[in-house]
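Chemist: My structure is below; once you've seen it, I'll send some questions.
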Amino acid sequence: MLNTAIKAARRGATVINRASFDLDRVVVTEKQHNDFVTDIDQAAEQAIIEVLSKAYPDHAILAEESGASANTHDENEYQWIIDPLDGTTNFIHGFPQYCISIALAHRGVVTQAVIYDPVRNDLFTATKGAGAYLNDKRIRVTKLDRMSKALLGNGYVAGSPRALDEYLKMYQIMGERAQGVRRAGSAALDLAYVACGRLDGFYEKGLKPWDIAAGALMITESGGIVGEFNGESDYLYKGDVIAASPKIFGQMVALLAPFA
Ligand code: IPD
Ligand code: CA
């Protein structure tokens, strides 16, 4: 199943890479204020779904652009959770920070994960109970214990003025305590970066399951912790996520719990 997910991610990447050479031809539509979709998101999603549903016709699919397809024939309750292009705004601008994120959930538990950065050819994979890998090398979260040395990632879902106000307040708190805070524009890739130690922690409110599912398994399989802002574990569908190496996670929850 992981191999099929990798094949699907690479197929999606072919569509994205080809389009990245001629961004002027990309057709952009605004779904809501500052939330964009392109014809490339849609074409990549179709390419990914084609690979997955050919291999597993009975599996259900939840994908960012085409939504959920319930599959009543699947007694094993497998569901693929797909973000064909996480970081669409970056992609539109040619800012090289975006990825394909594919997770497989079995009875609601994510068991396989692929996050593929087609710009750097970074392939992150994880299987529940078998560890997380970057280009076939085992990855682990950092051992850091001091927030003052931590490099954090964060994100902001365009929405109400209240959400922006809250984001800025959180930024002020974390920016004062951490060594640095980055807003790179692809939540799935941010999570993969925590898993491989390029970041020590990440936080964002209002994410969707396709932004989180693969990255969350990547975090737990690399020795990190992922949870809601109050530390609880129902983050996948609630969408508020803190992910970090164990010692930094506790400190982040203590600082961000007022925003839960
Ligand atoms: C977005 C990115 C961004 C995050 C937003 C997401 P999209 O996904 O992950 O970093 O801040 O919350 O919606 O729309 O580019 O797939
Ligand atoms: Ca996304």
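Using UniProt numbering, you'd call the opening residue of the sequence shown number 1 and step up by one each time. For glycine and all other residues, C-beta sits at the position ideal for the given N, C-alpha and C. Remember, it's a predicted structure, so these values are computed and weren't measured experimentally.
1. For the alpha helix (DSSP H) containing I242, list its first residue and its last residue.
2. Going by DSSP, name the residue or residues bridged to V109.
3. Cα separation between A63 and K169?
4. May I ask you to check if the CB of L23 is nearer than 7 Å to at least one heavy atom of ligand 1?
5. Mark S233 as exposed unless 16 or more other C-beta atoms lie within 10 angstroms of its C-beta, in which case mark it buried.
6. Short check: CB of residue 268 to CB of F249, under 8 Å?
7. Here's a check: name, in chain order, each residue in its chain whose Cβ is nearer than 6 Å to the Cβ of I173, leaving out the five neighbours to either side.
8. Using three-state DSSP, classify Q79 as helix, strand or coil.
9. May I have the straight-line CA-CA distance separating T111 from Y78, to the nearest angstrom?
10. In the DSSP assignment, the beta strand (DSSP E) including L62 goes from what residue to what residue?
11. With a threshold of 16 other CB atoms inside 10 Å of the CB of H33, please say whether the residue is buried or exposed.
12. Taking contact to mean at least 3 C-beta pairs separated by less than 8 Å, is the stretch 230-247 in contact with the stretch 184-198?
13. Keeping to the same chain, check which residues put their C-beta closer than 7 Å to that of P96; ignore five residues upstream and five downstream.
14. Beta-carbon within less than 8 Å of Y144's beta-carbon, same chain only, minus the 5 sequence neighbours each way: which residues are those?
15. Quick one: measure Cβ to Cβ for L52 and A8, integer angstroms, because I've assumed they're closer than 8 Å.
16. Would you check if the distance between the CB atom of A44 and the CB atom of V26 is smaller than 8 Å?
17. Which word fits G155, buried or exposed, when buried means at least 16 other C-beta atoms lie within 10 angstroms of its C-beta?
18. With respect to 7 Å, is the separation between the Cβ of E65 and the closest non-hydrogen atom of ligand 2 below this value?
Modeler: Reading off the structure:
1. For the purposes of this step, residue 242 is identified with residue 242 of the sequence shown, where counting begins at 1. That residue, I242, is in no alpha helix (DSSP H); its beta strand (DSSP E) goes V241 to A244.
2. For the purposes of this step, residue 109 is identified with residue 109 of the sequence shown, where counting begins at 1. Per DSSP, H106.
3. Start at 1 with the first residue of the sequence shown, and residue 63 comes out as number 63. Start at 1 with the first residue of the sequence shown, and residue 169 comes out as number 169. Roughly 32 Å separates the two Cα atoms.
4. Within the sequence shown, residue 23 is the residue found at index 23, counting from 1. No, ligand 1 has no heavy atom inside 7 Å of this Cβ.
5. Within the sequence shown, residue 233 is the residue found at index 233, counting from 1. Label assigned to S233: exposed.
6. Here the chain has residues from 1 to 260 only, and residue 268 is not among them.
7. To locate residue 173, count along the sequence shown from 1; it is residue 173. So the qualifying residues of the chain are L255.
8. By 1-based counting over the sequence shown, the position of residue 79 is 79. Looking at Q79 - three-state DSSP - the assignment turns out to be strand.
9. If you number the sequence shown from 1, residue 111 lands on position 111. If you number the sequence shown from 1, residue 78 lands on position 78. Going from the Cα of T111 to the Cα of Y78 covers about 10 Å.
10. Working through the sequence shown from its first residue, we reach residue 62 at position 62. Segment A60 to A63, the beta strand (DSSP E) holding L62.
11. The residue you call residue 33 lines up with position 33 of the sequence shown. Looking at its Cβ environment, which holds fewer than 16 other Cβ atoms inside 10 Å, H33 is exposed.
12. yes
13. Reading the sequence shown from its first residue, position 96 is the one you call residue 96. Here the set comprises V119.
14. For the purposes of this step, residue 144 is taken as the residue at position 144 of the sequence shown. The sequence as given places Leu at residue 144; Tyr does not occur at that position. For L144, where only same-chain residues beyond five positions count, the Cβ hits under 8 Å are A150, D200, S245, K247 and I248.
15. Residue mapping note: residue 52 aligns to position 52 of the sequence shown, counting from 1. Residue mapping note: residue 8 aligns to position 8 of the sequence shown, counting from 1. Contact holds; Cβ gap of about 5 Å.
16. Taking the first residue of the sequence shown as 1, we reach residue 44 at position 44. Taking the first residue of the sequence shown as 1, we reach residue 26 at position 26. Not in contact: A44 and V26 (Cβ atoms no closer than 8 Å).
17. Numbered from 1 along the sequence shown, position 155 holds the residue referred to as residue 155. Burial call: buried.
18. Here residue 65 corresponds to residue number 65 of the sequence shown, with the count starting at 1. No, ligand 2 has no heavy atom inside 7 Å of this Cβ.
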